[in-house]
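A.B. asks: Under the numbering used here, the residue at position 205 of the sequence shown is numbered 218, and the numbers go up by one with no gaps.
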Amino acid sequence: MSGAVTDLSPGAGGVLYLAVDQRVVALHLRKVWSAVVFPAGGIAAHRIAADPRGGAYVLSGPPSFAPAAPPAVLGRVDGQPLPEALSIPSGAGLFRPMEENPDPPRTRVLETLAWPGEVPVALACDTEGRLAVLSWVMDPALAGVPADAAHARLRFFTSRFSTPVALPGVLRPFSLAFLPDGRAVVLSLLEDGKVEAVAYALPADASEAIPQGDYFPLPGHDGGPFLQGARPPHHAVTPGLADQAPVPLQALSLPRCAERGRASNPPNRPFDSGDGRTVWHRLYVEALLPPRTGVRVWLAATDEPLAPPGDSPHWHEHRLGLIPEAPVHPDVPHGSWVPLPSEVPFQPGMLPAPPAPGESGLFTVLIQRAHSQVRALSGRYLWVRVELFGDGRRTPEVGALRAYASRFSYVDNYLPSLYREELFGDDADAPGRATPADFLERFLGIVEGVLTPIEDRIAHAHVLTDPGQVPGDSLEWLASWVGLSFDPVVGERQRRAMLRAAPALARRRGCVEGLRLALDLVTDGAVNRGAVVVVEDFRLRRTLATILGADLADEEDPLLQGLSRSGNAYVGDTLFLGDETRAEFLAVFGDETLRTRAEAEAVEQFLERLAHRLTVLVHQGTDTRTLGLIRKVAEQEAPAHVQVAVITASRPLLVGVASLVGVDTYVGPAPAATSVRVGHSVLGLADVIERPASLDPRLEGG
């Protein structure tokens, strides 16, 4: 039989089922019997899914999206012809069965798929032979779903169809298959014409599948459906490619982190309070706790500098975040997030990320012994073990862990003695419910945990006079103490630096070093980097020795860097003379002295052209806003009799004109590292791998 093949599926026993011209054809791949055409049975075969137990399911088609189109039909083909190699005797006197073939090829209709508002488009069998039919929701109103929830649907068939399971995120998938782990995967056409594969977990009795988020690349995909029968599913490639073999569907692996980690203080480095009567009070932890991650802190106290064994009951648990596979116990203390970067007054904390409730920042927990009747933890030495738990993709981070002692008891200091603890020794250490006095002590610890940081901040208010600790909106107030004022363009970091350097600025005000320091502060170190250069104009002559007799060589001048060329060979701006050689200079004009006042003033003006002048050379890369700030600071900090010129340099190096290293030459910043690009980057040259490697394009830039 010849015609258009719309689908094929290899089945059990080496049988290949094909949909050819809306009929089902079966071929035995080992040629045990010839090709057989199954009866039509009222089914216009379009899609086929072989049952791994034998036979195949058939879906009529092609799909019609017209409102009045007849519904699709689901059918099944079973049976096969007798092997051709078997010779069957015949004759009038021989006893033969009425039907030579007990399992002849046959077709039967299972169900008419009259689903209001839906159009079936594909089907597939899982490894156990369970059939699934994929459909589109074309009319949400008829299908009984909101327009924004008109997702594709999946139904399973045994003797009848199950309730539909929605596939969130896909509207028009056109092919269905099952992964070896039982997850369903569909091919879906995106708005830009590209095809993506989306995997779903199928919980039992759920009305909605769970997208798995795996990324399946489709190299060379020809735009067609999955190839049936292969495990894992395969897809065909575009004709004309060098490799015409079907490509298996494989998910790209994401970077995976360790799910657990441990840390502890060294065996010879416990926290030492110096007093055997110490009651360890409170634990503060600066940590990053992404969702589904957590930290477990085990604490033990001893009077001798010897840690208890790891399985000793003297270790007591404290939790932060989520500990997987660990039941929540009401007696185990759980840390709380604190809306401060650090409990140390006015300190910024040690974490790189900003505080986020429950996930990032400072956490605190009252140190205690769970399950004991008296839960205070006493002893000179404190031992710490930390366990970190992640989900494989994200991990917790601990920036700092601080334990405070000894406990200041609100009960003992503020309440009558009848509220104090009366259980001591072995009785206090015995397991059981907490005593009423112990509960009251820990309950008041909730109030103490709020009040103590407030009291500490009040007691350390003097820290606010430190430029590094004062709040940003108080910098102007603190600067007024020392007579400083800030330009609105100056950022907070530069303002703090100017406050720290206020004494040095005051001592050097009015000199070149003071101007350099002021410019360096407002430009965030541009003077030290060489991006801004302050030069007294008389130094720009590159003078090492004057040919007119005045030895002005300065081999240690940092601007000259050992250069020995002199610019004094020509009369002009590069000529430099001192007062002692002024007479010699006048002699070069002739034997006669200057006769007019105008001539004398011209010579005087020439000599003083570069006196009391200063140049601020700003190299390329400085934005207009910063350049304006440099001009303003230069005018404010320079003495009144000094003329300042701010000049921008467009080129970092002028070859052939004896450029001065560090003045009119400038080594720019190293180029920023860029991410490695496949097919473009050269190994070991410049590009770097910025994070754990992953081929998933969804992780680019994230």
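Glycine included, every Cβ here is placed at the ideal spot set by N, Cα and C.
Quick one, which of 498, 610, 145 has its alpha-carbon nearest residue 176's?
C.D. replies: The residue you call residue 176 lines up with position 163 of the sequence shown. Out of 498, 610, 145, 145 has the C-alpha closest to the C-alpha of residue 176.
A.B. asks: Along the beta strand (DSSP E) that carries residue 427, what are the first and last residues, could you check?
C.D. replies: Numbered from 1 along the sequence shown, position 414 holds the residue referred to as residue 427. Residue 427 -> not in any beta strand (DSSP E); alpha helix (DSSP H) instead, spanning 423-427.
A.B. asks: Tell me which same chain residues have a C-beta within less than 8 Å of the C-beta of residue 506, skipping the five on either side of it?
C.D. replies: Working through the sequence shown from its first residue, we reach residue 506 at position 493. Excluding positions up to five away in sequence, the list reads 537.
A.B. asks: Less than 8 Å between the CB atoms is what I'm expecting for residue 220 and residue 178, so what's the real figure, rounded?
C.D. replies: What you label residue 220 is simply residue 207 of the sequence shown in a count that begins at 1. What you label residue 178 is simply residue 165 of the sequence shown in a count that begins at 1. Yes, residue 220 and residue 178 are in contact; Cβ-Cβ is about 6 Å, under 8 Å.
A.B. asks: Check the C-beta distance from residue 702 over to residue 689 and give it rounded, since I have them as a contact under 8 Å.
C.D. replies: By one-based count along the sequence shown, residue 702 stands at place 689. By one-based count along the sequence shown, residue 689 stands at place 676. Residue 702 to residue 689, Cβ: 5 Å. Contact.
A.B. asks: Report all residues from its chain with a CB closer than 7 Å to the CB of residue 334; omit the five preceding and five following residues, and keep chain order.
C.D. replies: Sequence index remark: in the sequence shown, residue 334 carries index 321 (1-based). Only 302, 306, 307, 308, 409 meet the Cβ criterion.
A.B. asks: Under 6 Å Cβ to Cβ from residue 313, same chain only, skipping five residues before and after it: list those, please.
C.D. replies: As a working note, residue 313 is residue 300 in the sequence shown. The residues are 321, 327, 328, 396.
A.B. asks: I need the boundaries of the alpha helix (DSSP H) containing residue 155, first residue and last residue.
C.D. replies: Along the sequence shown, read from residue 1 onward, the residue named residue 155 stands at position 142. Here the alpha helix (DSSP H) through residue 155 covers 153-156.
A.B. asks: Do residue 134 and residue 164 have their C-beta atoms within less than 8 Å of each other?
C.D. replies: As a working note, residue 134 is residue 121 in the sequence shown. As a working note, residue 164 is residue 151 in the sequence shown. No, Cβ-Cβ distance for residue 134 and residue 164 is not below 8 Å.
A.B. asks: Looking at the unbroken alpha helix (DSSP H) that takes in residue 469, where does it start and where does it end?
C.D. replies: As a first step, residue 469 must be located in the sequence shown, where it is residue number 456. From DSSP, the alpha helix (DSSP H) with residue 469 extends over 449-472.
A.B. asks: Are there three or more Cβ pairs, one per stretch, closer than 8 Å when the region 104-116 is compared with the region 50-60?
C.D. replies: No, because fewer than three Cβ pairs between the region 104-116 and the region 50-60 fall closer than 8 Å, the two stretches do not touch.
A.B. asks: Assuming residue 262 and residue 247 make a contact with CB atoms under 8 Å, what is their CB distance in whole Å?
C.D. replies: Sequence index remark: in the sequence shown, residue 262 carries index 249 (1-based). Sequence index remark: in the sequence shown, residue 247 carries index 234 (1-based). So it is a contact: roughly 7 Å between Cβ atoms.
A.B. asks: Where in the region 52-128 do unbroken runs of the beta strand (DSSP E), each at least 3 residues long, occur, reported from the N-terminal end onward?
C.D. replies: List check, beta strand (DSSP E) in window: 58-63, 69-73, 85-91, 119-126.
A.B. asks: Looking at C-beta atoms only, is the number of pairs between the region 462-481 and the region 357-366 that lie closer than 8 Å three or more?
C.D. replies: Touching, per the Cβ criterion.
A.B. asks: Which residue's Cα is closest to the Cα of residue 156: 80, 405, 434?
C.D. replies: Counted from its first residue, the sequence shown places residue 156 at position 143. Cα-wise, what sits closest to residue 156 is 80.
A.B. asks: With contact counted as at least three CB pairs below 8 Å, one residue from each stretch, are the region 109-123 and the region 85-95 in contact?
C.D. replies: The answer is yes - the region 85-95 touches the region 109-123, with three or more Cβ pairs under 8 Å.
A.B. asks: When the distance is taken between beta carbons, is residue 270 closer than 8 Å to residue 412?
C.D. replies: In the sequence shown, residue 412 corresponds to position 399, counting from 1. In the sequence shown, residue 270 corresponds to position 257, counting from 1. No; because the gap between Cβ atoms is not below 8 Å, this pair is not in contact.
A.B. asks: Going by C-alpha to C-alpha distance, which of 361, 47, 477 sits closest to residue 299?
C.D. replies: The residue labelled residue 299 in the question sits at position 286 within the sequence shown. Among 361, 47, 477, the Cα nearest to that of residue 299 belongs to 361.
A.B. asks: Going by Cα to Cα distance, which pick from 340, 332, 343, 338 is closest to residue 380?
C.D. replies: Reading the sequence shown from its first residue, position 367 is the one you call residue 380. If we check each option's Cα against that of residue 380, 332 comes out closest.
A.B. asks: Just to confirm before moving on: does the CB-CB distance between residue 118 and residue 142 stay below 8 Å?
C.D. replies: By 1-based counting over the sequence shown, the position of residue 118 is 105. By 1-based counting over the sequence shown, the position of residue 142 is 129. Cβ atoms of residue 118 and residue 142: not closer than 8 Å.
A.B. asks: State the DSSP-derived secondary structure class of residue 516, mapped to helix, strand or coil.
C.D. replies: On the sequence shown, position 503 is the one that residue 516 refers to. Three-state DSSP puts residue 516 in a helix.
A.B. asks: Using the beta-carbon count (16 or more within 10 Å), is residue 382 buried or exposed?
C.D. replies: Working through the sequence shown from its first residue, we reach residue 382 at position 369. Classification for residue 382: buried.
A.B. asks: At a cut of 8 Å, does the region 419-430 reach the region 362-374 through at least three beta carbon pairs?
C.D. replies: Contact fails: fewer than three Cβ-Cβ distances are below 8 Å.
A.B. asks: What does DSSP give as the partner residue(s) for residue 245 in the beta ladder?
C.D. replies: For this step, residue 245 is matched to residue 232 along the sequence shown. Paired residue(s): none; residue 245 is not in a bridge.
A.B. asks: Where does residue 567 sit, in a helix, a strand or coil, going by DSSP?
C.D. replies: As a first step, residue 567 is located in the sequence shown; it is residue number 554 there, counting from the start. The pLDDT assigned to residue 567 is 48, lower than 50, so where the model puts this residue is not dependable; a value taken from the coordinates is nonetheless given after this. If DSSP states are grouped into helix, strand and coil, residue 567 belongs with coil.
A.B. asks: Answer with buried or exposed for residue 293, where buried requires no fewer than 16 other C-beta atoms within 10 angstroms of its C-beta.
C.D. replies: Within the sequence shown, the letter at position 280 stands for residue 293. It is buried - the Cβ of residue 293 has at least 16 other Cβ atoms within 10 Å.
A.B. asks: Enumerate in chain order the residues of its own chain whose CB-to-CB distance from residue 652 is below 7 Å, with the five nearest sequence positions on each side excluded.
C.D. replies: Stepping through the sequence shown from its first residue, residue 652 is reached at position 639. Cβ within range, chain order: 523.
A.B. asks: May I have the straight-line CA-CA distance separating residue 465 from residue 377, to the nearest angstrom?
C.D. replies: The residue labelled residue 465 in the question sits at position 452 within the sequence shown. The residue labelled residue 377 in the question sits at position 364 within the sequence shown. C-alpha separation (whole angstroms): 12 Å.
A.B. asks: Determine, using beta carbons only, whether residue 208 and residue 202 come nearer to each other than 8 Å.
C.D. replies: As a position in the sequence shown, residue 208 is number 195, starting the count at 1. As a position in the sequence shown, residue 202 is number 189, starting the count at 1. Taking 8 Å as the Cβ cut-off, residue 208 and residue 202 qualify as a contacting pair.
A.B. asks: Taking the DSSP output, what are the residues bridged to residue 444?
C.D. replies: For the purposes of this step, residue 444 is taken as residue 431 along the sequence shown, with counting starting at 1. Partner(s): 385.
A.B. asks: Return the residue from the list 498, 386, 500 that minimises the CA-CA distance to residue 444.
C.D. replies: Position 431 of the sequence shown, counted from the start, is the residue given in the question as residue 444. If we check each option's Cα against that of residue 444, 386 comes out closest.
A.B. asks: Comparing alpha-carbon positions, which option in 650, 32, 659, 642 lies nearest residue 631?
C.D. replies: On the sequence shown, position 618 is the one that residue 631 refers to. Selected option, being the one with the closest Cα: 659.
A.B. asks: Beta-carbon within less than 7 Å of residue 549's beta-carbon, same chain only, minus the 5 sequence neighbours each way: which residues are those?
C.D. replies: Residue numbering aside, residue 549 sits at position 536 when the sequence shown is read from its first letter. Correct list, in chain order: 525, 627.
A.B. asks: To the nearest angstrom, report how far apart residue 291 and residue 323 are at their CA atoms.
C.D. replies: Working through the sequence shown from its first residue, we reach residue 291 at position 278. Working through the sequence shown from its first residue, we reach residue 323 at position 310. Going by the C-alpha atoms only, they are around 22 Å apart.
A.B. asks: Locate the beta strand (DSSP E) running through residue 412, then write down its first and last residues.
C.D. replies: Within the sequence shown, the letter at position 399 stands for residue 412. That run of the beta strand (DSSP E) goes 410-418.
A.B. asks: Does the beta-carbon of residue 433 have 16 or more other beta-carbons within 10 angstroms, so that it is buried, or is it exposed?
C.D. replies: By 1-based counting over the sequence shown, the position of residue 433 is 420. By the 10 Å Cβ count, residue 433 comes out exposed.
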